[in-house]
Amino acid sequence: MKVLLVNKFLYPNGGSETYIFQLAQMLTSMGHEVQFFGMEHANRTVGNRVESYTSNMDFHTGKLQKLLYPFKIIYSKEARRKIRAVLEDFQPDVVHLNNFNFQLTPSIIYEIKKHNIPIIFTAHDYQLVCPSHLMVNGRTGKVCEKCANSGSIHCTKDRCIHGSFIKSLLGTIENKLYAALKTYRFIDVVICPSKFNQSQLEKNLALKGRTLVMHNFISMEKQQDVEKQPYVLYFGRYSEEKGIRTLLKVCKRLEHIPFVFAGKGEYQEEIAKLPNAKEVGFQSGAALHKLIAEAQFTLHPSECHDNCPFAVMESQALGTPVIGAEVGGIPELVEIGKTGYVFESGNEEALAKQIEQLWNDKEACQQMAEYCKTIDFMSCQEYCKELLGIYEQAIERYGK
278 MKVLLVNKFL YPNGGSETYI FQLAQMLTSM GHEVQFFGME HANRTVGNRV
328 ESYTSNMDFH TGKLQKLLYP FKIIYSKEAR RKIRAVLEDF QPDVVHLNNF
378 NFQLTPSIIY EIKKHNIPII FTAHDYQLVC PSHLMVNGRT GKVCEKCANS
428 GSIHCTKDRC IHGSFIKSLL GTIENKLYAA LKTYRFIDVV ICPSKFNQSQ
478 LEKNLALKGR TLVMHNFISM EKQQDVEKQP YVLYFGRYSE EKGIRTLLKV
528 CKRLEHIPFV FAGKGEYQEE IAKLPNAKEV GFQSGAALHK LIAEAQFTLH
578 PSECHDNCPF AVMESQALGT PVIGAEVGGI PELVEIGKTG YVFESGNEEA
628 LAKQIEQLWN DKEACQQMAE YCKTIDFMSC QEYCKELLGI YEQAIERYGK
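Here you go:
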């Protein structure tokens, strides 16, 4: 089978890139042919045979003020033309979309349909119902479902995209345009990594009945007989929507508990100043796995609707309980009292109480650590076997 994986970034940038790179590696090892389409970038690591990519576009910078950017963000003629070259050369059996809004735009959907090719879409976030994709209110910084429930005009009113009226207006226009055109009805199957994600995306009526839930996979060796060390671990991005500001307040209250932070972001200097915290910077691979496996427990205090965070699954797979915020898909991954606990997102008091309670109960920590070792998350190989079944069913409906 020939599979075209589409994602705006074709270099390591986040969870969706980890997902597509591991999928491609596994599908290739299973005898399938995989190519990629997305933006050109100096750090691009994967591609396609005809070397056809869209020009790099950074939605986070002032470059948006360039005259043509607003038009290219809503409908990119370039992206449609460039993917056409790949489709004509590669002739894939299926196209698997990932993150495509703004930089690639839904224009590519029309070109794929013109070639009569099935489209599978993995929803790594809430972009199709929330223009800012995070479901976080731009004014309050709190989780928000306004756009999903009553229309994307709220994105503009609350300046949800980078605090910018112009960017938020463009996000609203893009959302309303493709809702009016019912463009997403051309997507054959939407893979939702959590039940919560599915419940939100199905508020877009064009997606109703086209969704299914498949939790993310993880690929790592289980750690055996690891000696736990006296610290609590946070690993990931140091950003407000990940709950870092709230966590820092909690760390200052719990001076007797040692914390380790592994990541990067805007709060790095503030973390380094905490007397009871050790900031070790961004970690990956074996070094990160060791940090996770040796922690008493890990923290995932997100203040946005995290979909199906790899961090929660990786922690449990490495025999370490999790205290996670009760938002998005996080509660679906935590067995209360067995693999961890959840708390009210953004509630400093609740988080502090939960951390102190578990820190002081070494027996509970040990029991949960042992139980975590028995949890089996889906492997990449198992995931790909299910995914191939989805591909095949979609292809059959096209009579190919």
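Residue numbering for the sequence shown follows our numbering, beginning at 278 and increasing consecutively.
Backbone N, C-alpha and C define an ideal beta-carbon position, used for all residues, glycine too.
Which residue comes first and which comes last in the beta strand (DSSP E) that contains residue i?
i	result
T399	396-399
I468	466-469
K480	Run containing K480: none; DSSP gives neither H nor E here.
A665	One point to set straight first is that residue 665 is Leu, not Ala, in the sequence displayed. From DSSP, L665 is part of no beta strand (DSSP E) but of the alpha helix (DSSP H) over 657-674.
Would DSSP call residue i helix, strand or coil?
i	result
G540	strand
K505	coil
R416	coil
G513	strand
V406	coil
T651	coil
H431	helix
Y296	helix
R462	helix
C642	helix
C424	helix
I351	helix
L304	helix
L345	Note that L345 has pLDDT 46, beneath the 50 cutoff, so the model's placement of it is unreliable and the number below is only indicative. Here L345 sits in coil by DSSP.
I607	helix
F473	helix
DSSP puts residue i in a beta bridge; with which residues?
i	result
G617	V599, I613
L318	For clarity, residue 318 is His in the given sequence; the question names Leu instead. Bridge partners of H318: none, in fact.
K555	V537
K279	E310
L576	Y511, I600
H566	Its beta-bridge partners do not exist; DSSP assigns none.
V372	L281, I396
Rounded to whole angstroms, what is the Cα-Cα separation between residue i and residue j?
i	j	result
N375	K285	8 Å
I632	K615	15 Å
R361	I389	8 Å
C585	A570	20 Å
L344	I652	In this predicted model, L344 has a pLDDT of only 44, less than 50, meaning its place in the structure is not dependable; the value taken from the coordinates is given anyway. Answer to the nearest angstrom: the Cα atoms are 52 Å apart.
L610	Q299	21 Å
Q342	I351	At Q342, the pLDDT of 48 sits below 50, so the modelled position is not reliable and the matter cannot be decided from this model.
E365	K359	10 Å
F538	I548	8 Å
Q644	Y296	31 Å
G606	S441	28 Å
E580	V589	15 Å
N452	R416	20 Å
L482	V466	14 Å
G292	F377	14 Å
D402	F654	21 Å
P395	Y387	12 Å
V406	S353	20 Å
R530	L478	39 Å
N325	E625	48 Å
G339	H439	Its pLDDT being 49, under 50, G339 is placed unreliably in this model, and the value from its coordinates should be taken loosely. Looking at the two C-alpha atoms, the distance is approximately 11 Å.
E669	S329	27 Å
Taking 8 Å as the limit between beta carbons, can you name the residues of its chain near residue i, skipping five residues before and five after?
i	result
L635	Q573, F574, P598, I600, Y618, A641, C642
K541	R514, Y515, G558, F559
E536	The identity of residue 536 in the sequence shown is Phe, whereas the question assumes Glu. These residues qualify, in order along the chain: Y508, V509, L510, Y511, C528, L551, N553, A554, K555.
Quick one: give me the first and last residue of the alpha helix (DSSP H) that residue i is part of.
i	result
K550	Note, K550: premise wrong, no alpha helix (DSSP H); not H, not E.
T488	It is not in any alpha helix (DSSP H) - T488 instead sits in the beta strand (DSSP E) that spans 488-490.
F379	Careful: F379 lies outside any alpha helix (DSSP H) and carries neither H nor E.
F587	587-594
D366	354-367
E388	384-391
C528	521-530
N452	442-458
E328	No alpha helix (DSSP H) holds E328; DSSP gives it neither H nor E.
E633	625-636
Using C-beta distances below 6 Å, list every residue in its chain close to residue i, excluding the 5 sequence neighbours before and after it, in chain order.
i	result
E659	none
V490	C469, K472, Q475
Y288	H318, N320, R321, T322
P608	V619
C437	S409, G415, S445
I521	Y515, Y544
F398	L374, I464, V467
H392	L364
N426	none
In chain order, what residues of the same chain lie with their CB nearer than 7 Å to the CB of residue i, ignoring the 5 residues before and after it?
i	result
V503	A570, E571, G596
E591	I495, M497, I569
L421	Per the sequence presented here, residue 421 reads as Cys, with Leu not at that position. The answer, listed in chain order, is M412, V413, N414.
M303	C657, Q658, C661
Y455	P383, Y461
E673	none
D435	N414, G415, R416
Of all Cβ atoms in chain B, is any one closer than 7 Å to the Cβ of residue i?
i	result
L364	Among the protein chains of the structure shown there is no chain B, as only one such chain exists.
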